[in-house]
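So our numbering is basically just the index in the sequence shown, starting at one, shifted up by 11.
This report refers to the structure that appears directly beneath it.
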Amino acid sequence: MQDIGFVFCPKSIAIVGASSDPDSRTNQNFLQPLLDCGYQGKIYPVNPYLSEVMGLKAYASILDIAEPVDYVVCAIPVPLTPKLMQDCVAARVKVVTFFTAGFSETGEEEGITLERELVRIAGQGRVRIIGPNCLGIHSPQMGITFEPCSREGGHVGFLSQSGGNARELIIMGAERGIHFSKAVSYGNAADLNESDFLGYFARDKDTEIIAAYIEGIKQPRGFLRVLGEATEAKPVIILKGGKTEAGEGAVTSHTGALAGSKETWDALCRQRKVIQVHSLGEMADTILAFSYLRPPRGRSIGIIGIGGGASVQAADDCENASLIVPPFHQKLRRELRKFTPPAGTGLRNPVDTSADVYWDPASFARTAQLIADYDGVDVLFVMLNALFAVRRGVQTLREQIEAIIEVGKGTDKPLAIVLRTAGVIEAEKLAHEVQGRCLKAGFPVYPSVSQAAQAMNHFISYHENRGL
Numbered sequence: 012m013q014d015i016g017f018v019f020c021p022k023s024i025a026i027v028g029a030s031s032d033p034d035s036r037t038n039q040n041f042l043q044p045l046l047d048c049g050y051q052g053k054i055y056p057v058n059p060y061l062s063e064v065m066g067l068k069a070y071a072s073i074l075d076i077a078e079p080v081d082y083v084v085c086a087i088p089v090p091l092t093p094k095l096m097q098d099c100v101a102a103r104v105k106v107v108t109f110f111t112a113g114f115s116e117t118g119e120e121e122g123i124t125l126e127r128e129l130v131r132i133a134g135q136g137r138v139r140i141i142g143p144n145c146l147g148i149h150s151p152q153m154g155i156t157f158e159p160c161s162r163e164g165g166h167v168g169f170l171s172q173s174g175g176n177a178r179e180l181i182i183m184g185a186e187r188g189i190h191f192s193k194a195v196s197y198g199n200a201a202d203l204n205e206s207d208f209l210g211y212f213a214r215d216k217d218t219e220i221i222a223a224y225i226e227g228i229k230q231p232r233g234f235l236r237v238l239g240e241a242t243e244a245k246p247v248i249i250l251k252g253g254k255t256e257a258g259e260g261a262v263t264s265h266t267g268a269l270a271g272s273k274e275t276w277d278a279l280c281r282q283r284k285v286i287q288v289h290s291l292g293e294m295a296d297t298i299l300a301f302s303y304l305r306p307p308r309g310r311s312i313g314i315i316g317i318g319g320g321a322s323v324q325a326a327d328d329c330e331n332a333s334l335i336v337p338p339f340h341q342k343l344r345r346e347l348r349k350f351t352p353p354a355g356t357g358l359r360n361p362v363d364t365s366a367d368v369y370w371d372p373a374s375f376a377r378t379a380q381l382i383a384d385y386d387g388v389d390v391l392f393v394m395l396n397a398l399f400a401v402r403r404g405v406q407t408l409r410e411q412i413e414a415i416i417e418v419g420k421g422t423d424k425p426l427a428i429v430l431r432t433a434g435v436i437e438a439e440k441l442a443h444e445v446q447g448r449c450l451k452a453g454f455p456v457y458p459s460v461s462q463a464a465q466a467m468n469h470f471i472s473y474h475e476n477r478g479l
């Protein structure tokens, strides 16, 4: 398999179809993000009717650019694409991303034939194609992206057959503390496909976690081999599109892929030890666990929070996610009872503290510390409520967070914080603020116990499969 690392680090980029309108899709998806993210390579807008685009000299064609062009983004009408590909071959371009849609995904013979023709022409000059019908590469440390963001690199590699899903996970990641080494939206996969990118991420030293959104498999045998190599090396988290009859129909019209049967896919995931998720949100939750948590020793979880109903629901959510919520030993309960009043509280697990304990950061941290030191649990969930803090006093929540961070730093057990907001805007803003502090200290934050529990189940299962 060819090393395709060059795809993610071009020294020069041409945007074919760049527009004088700064709000055009081409400029907003490609040119403006390069400028905003500080790409240091050469940028060449290409448009035969313009002399300048957004302050950059424009060129009539790829062949008019005197210097080498590594990477080309195509955003021109379908009928013009064969001539562009011929020019790219002549100019010795390395990679072309086709943002242009209207090829095999249409299901029409004309589009299918034209896509094959592009691949044939590209092969004459060893030009690699990403797409068509895609957004191409996201390489934040290079300043290359289709979604303006910071240049802070991370350790998550993401391949997505959907441009929208690629964009959404990158945005979601920026909000929740997930950072990418590289990502790619590859659309119809006429040339470079899921096996190529999965294999690359498996070998990439900057990538520690692999995530993928896949609709169809181009080369099943090759994919099976590469998937096995990838899951042996790193966690591989996959969201499969088209697992229902309706979804399969949507896949066909989206990228023209054949989705395959749900039963076959599920069996494959079990065999290859893939972490299978069912939404982008669940993918983000799971990536968060792998990015921040220490390896677990087992499935037993200790939960601390306030509110009887919230505690009951938390216990249900954890057991529904195949976690174990063991009752605490009487010795631990006696220690907790020394400073927890009996009325309106529960110490069995989850610990439903009193208001006095909850609103006193020192007492709340003492509760968490006792549970962290308890041999009967392997993981800690700490439930906090930003809405309560908005109504009672935001400084208390900040102090609670600092106290819990100190507990977390002093234990080798994974600790996750659940921060509820009830969807109230003021609470959401406060949650976002304290989330930043938690992430900086190395602790993930989840909006609900159910999300945290499902992510923890995936995290623990992965380590169980590798012998903990």
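Ideal placement from N, C-alpha and C gives every residue a C-beta, glycine not left out.
State buried or exposed for Ala373, treating a residue as buried only when at least 16 other CB atoms are found within 10 Å of its CB.
On the sequence shown, position 362 is the one that residue 373 refers to. Result: exposed.
Tell me, to the nearest whole angstrom, how far the beta carbon of Val84 is from that of Ile73; I am working on the premise that it is less than 8 Å.
Locating residue 84 in the sequence shown gives position 73, counting from the first residue. Locating residue 73 in the sequence shown gives position 62, counting from the first residue. 11 Å between Cβ atoms; not a contact.
Quick one: give me the first and last residue of the beta strand (DSSP E) that Phe399 is part of.
In the sequence shown, residue 399 corresponds to position 388, counting from 1. First-last for Phe399: 397–403, but that is the alpha helix (DSSP H), not the beta strand (DSSP E).
Looking at Ile181: is its Cβ nearer than 8 Å to the Cβ of Ala194?
Within the sequence shown, numbered from 1, the residue matching residue 181 stands at position 170. Within the sequence shown, numbered from 1, the residue matching residue 194 stands at position 183. In this structure, Ala194 lies closer than 8 Å to Ile181 by Cβ.
Which of helix, strand or coil does DSSP assign to Met183?
Translated into positions along the sequence shown, residue 183 becomes position 172. Here Met183 sits in helix by DSSP.
Since Gly387 is in the beta strand (DSSP E), which residue starts that stretch and which ends it?
Residue 387 sits at position 376 when you count from the first residue of the sequence shown. Looking at the DSSP string, Gly387 is not in any beta strand (DSSP E), and its letter there is neither H nor E.
From which residue to which residue does the alpha helix (DSSP H) around His469 run?
Taking the first residue of the sequence shown as position 1, residue 469 is located at position 458. It spans 460–476 - the alpha helix (DSSP H) in which His469 sits, taken as one unbroken run.
Determine, using beta carbons only, whether Ile221 and Ala241 come nearer to each other than 8 Å.
By 1-based counting over the sequence shown, the position of residue 221 is 210. By 1-based counting over the sequence shown, the position of residue 241 is 230. Going by C-beta atoms, Ile221 is nearer than 8 Å to Ala241.
Expressed to the nearest angstrom, what Euclidean distance is found between the alpha-carbon atoms of Asp14 and Gly253?
If you number the sequence shown from 1, residue 14 lands on position 3. If you number the sequence shown from 1, residue 253 lands on position 242. Distance between the alpha carbons of Asp14 and Gly253 is about 30 Å.
Tell me which residues share the same chain as Leu358 and place their Cβ nearer than 7 Å to its Cβ, disregarding the 5 neighbours each side in the sequence.
Locating residue 358 in the sequence shown gives position 347, counting from the first residue. The answer, listed in chain order, is Phe339, Arg344, Leu347, Arg348, Thr351.
Can you give me the Cβ contacts of Glu499 inside the same chain, cut-off strictly under 8 Å, excluding the 5 residues immediately before and after it?
The question about residue 499 has no answer here: the residues shown for the chain are numbered 12 through 479.
With respect to the beta strand (DSSP E) encompassing Arg139, which residues constitute its N-terminal and C-terminal limits?
If you number the sequence shown from 1, residue 139 lands on position 128. Its beta strand (DSSP E) spans residues 139–141.
Going by beta carbon distance, what residues of the same chain come within less than 8 Å of Gln43, once the five residues before and after it are set aside?
In the sequence shown, the residue the question calls residue 43 occupies position 32. Within the same chain, Gln43 has close Cβ partners Pro33, Met65, Pro159.
Are the CB atoms of Leu170 and Phe208 nearer to each other than 8 Å?
Here the question's residue 170 lines up with position 159 in the sequence shown. Here the question's residue 208 lines up with position 197 in the sequence shown. Yes, Cβ-Cβ distance for Leu170 and Phe208 is below 8 Å.
Identify every residue that forms a DSSP beta bridge with His149.
One-based indexing of the sequence shown puts residue 149 at position 138. Its beta-bridge partners are Ala194.
I need the straight-line Cα distance from Gln341 to Thr378, nearest angstrom please.
Along the sequence shown, one-based indexing puts residue 341 at 330. Along the sequence shown, one-based indexing puts residue 378 at 367. Taking the straight line joining both Cα atoms gives about 15 Å.
Measure the Cβ-Cβ separation of Glu205 and Phe234 and say whether it is below 8 Å.
Taking the first residue of the sequence shown as 1, we reach residue 205 at position 194. Taking the first residue of the sequence shown as 1, we reach residue 234 at position 223. Yes, Cβ-Cβ distance for Glu205 and Phe234 is below 8 Å.
Determine whether the beta carbon atoms of Leu441 and Leu408 lie at a separation below 8 Å.
By one-based count along the sequence shown, residue 441 stands at place 430. By one-based count along the sequence shown, residue 408 stands at place 397. In contact: Leu441 and Leu408 (Cβ atoms closer than 8 Å).
How many Å lie between Met394 and Ile315 at the Cα?
Indexing the sequence shown from 1 puts residue 394 at position 383. Indexing the sequence shown from 1 puts residue 315 at position 304. C-alpha separation (whole angstroms): 6 Å.
Does DSSP put Gly258 in a helix, a strand or coil?
On the sequence shown, residue 258 is found 247 positions in, with the first residue counted as 1. Legend: pLDDT at Gly258 = 49, less than 50; position of this residue unreliable, no value from coordinates given.
Considering only DSSP beta bridges, list what Leu430 is partnered with.
Numbered from 1 along the sequence shown, position 419 holds the residue referred to as residue 430. Per DSSP, Leu395.
So, are the CB atoms of Asn468 and Ala332 less than 8 Å apart?
Residue mapping note: residue 468 aligns to position 457 of the sequence shown, counting from 1. Residue mapping note: residue 332 aligns to position 321 of the sequence shown, counting from 1. Yes, the Cβ-Cβ distance between Asn468 and Ala332 is below 8 Å.
Where does the unbroken beta strand (DSSP E) through Thr351 begin, and where does it stop?
Along the sequence shown, read from residue 1 onward, the residue named residue 351 stands at position 340. No beta strand (DSSP E) contains Thr351, which DSSP labels as neither H nor E.
What are the boundary residues of the alpha helix (DSSP H) that Ala133 is part of?
Along the sequence shown, read from residue 1 onward, the residue named residue 133 stands at position 122. Here the alpha helix (DSSP H) through Ala133 covers 120–135.
So what does DSSP say about Lys216, is it helix, strand or coil?
Along the sequence shown, read from residue 1 onward, the residue named residue 216 stands at position 205. Lys216 falls in the coil class under three-state DSSP.
If I follow the unbroken alpha helix (DSSP H) through Leu250, where does it start and stop?
One-based indexing of the sequence shown puts residue 250 at position 239. Not the alpha helix (DSSP H): Leu250 falls in the beta strand (DSSP E), residues 247–251.
Where does Ala376 fall in DSSP's three states?
In the sequence shown, residue 376 corresponds to position 365, counting from 1. Looking at Ala376 - three-state DSSP - the assignment turns out to be helix.
Quick check: the Cα distance between Arg187 and Pro455, rounded to an integer number of angstroms?
Along the sequence shown, read from residue 1 onward, the residue named residue 187 stands at position 176. Along the sequence shown, read from residue 1 onward, the residue named residue 455 stands at position 444. Roughly 8 Å between the two C-alpha positions.
Which one or two residues does DSSP pair with Cys85 in a beta bridge?
Indexing the sequence shown from 1 puts residue 85 at position 74. Beta-bridge pairing links Cys85 to Val27, Phe109.
What number of angstroms, rounded off, separates the C-alpha of Leu450 from the C-alpha of Gly319?
Within the sequence shown, residue 450 is the residue found at index 439, counting from 1. Within the sequence shown, residue 319 is the residue found at index 308, counting from 1. For Leu450 and Gly319, the distance between alpha carbons rounds to 28 Å.
Using C-beta distances below 7 Å, list every residue in its chain close to Gly355, excluding the 5 sequence neighbours before and after it, in chain order.
For the purposes of this step, residue 355 is taken as the residue at position 344 of the sequence shown. So the list reads Ser365, once near-sequence residues are dropped.
Would Gly239 and Arg283 qualify as a contact pair, given that the criterion is a beta-carbon distance under 8 Å?
Residue numbering aside, residue 239 sits at position 228 when the sequence shown is read from its first letter. Residue numbering aside, residue 283 sits at position 272 when the sequence shown is read from its first letter. In contact: Gly239 and Arg283 (Cβ atoms closer than 8 Å).
Cα-Cα, which of Leu67, Ile87, Ala69, Asp75 is closest to Leu36?
Locating residue 36 in the sequence shown gives position 25, counting from the first residue. Note that residue 36 is Arg in the sequence shown here, rather than Leu. Arg36 has its Cα closest to that of Ile87, out of Leu67, Ile87, Ala69, Asp75.
For Val445, does the three-state DSSP call read helix, strand or coil?
Along the sequence shown, one-based indexing puts residue 445 at 434. Reduced to three states, the DSSP call for Val445 is helix.
Which residue comes first and which comes last in the beta strand (DSSP E) that contains Leu170?
Looking up residue 170 in the sequence shown gives position 159. Where Leu170 is concerned, the enclosing beta strand (DSSP E) stretches over 167–171.
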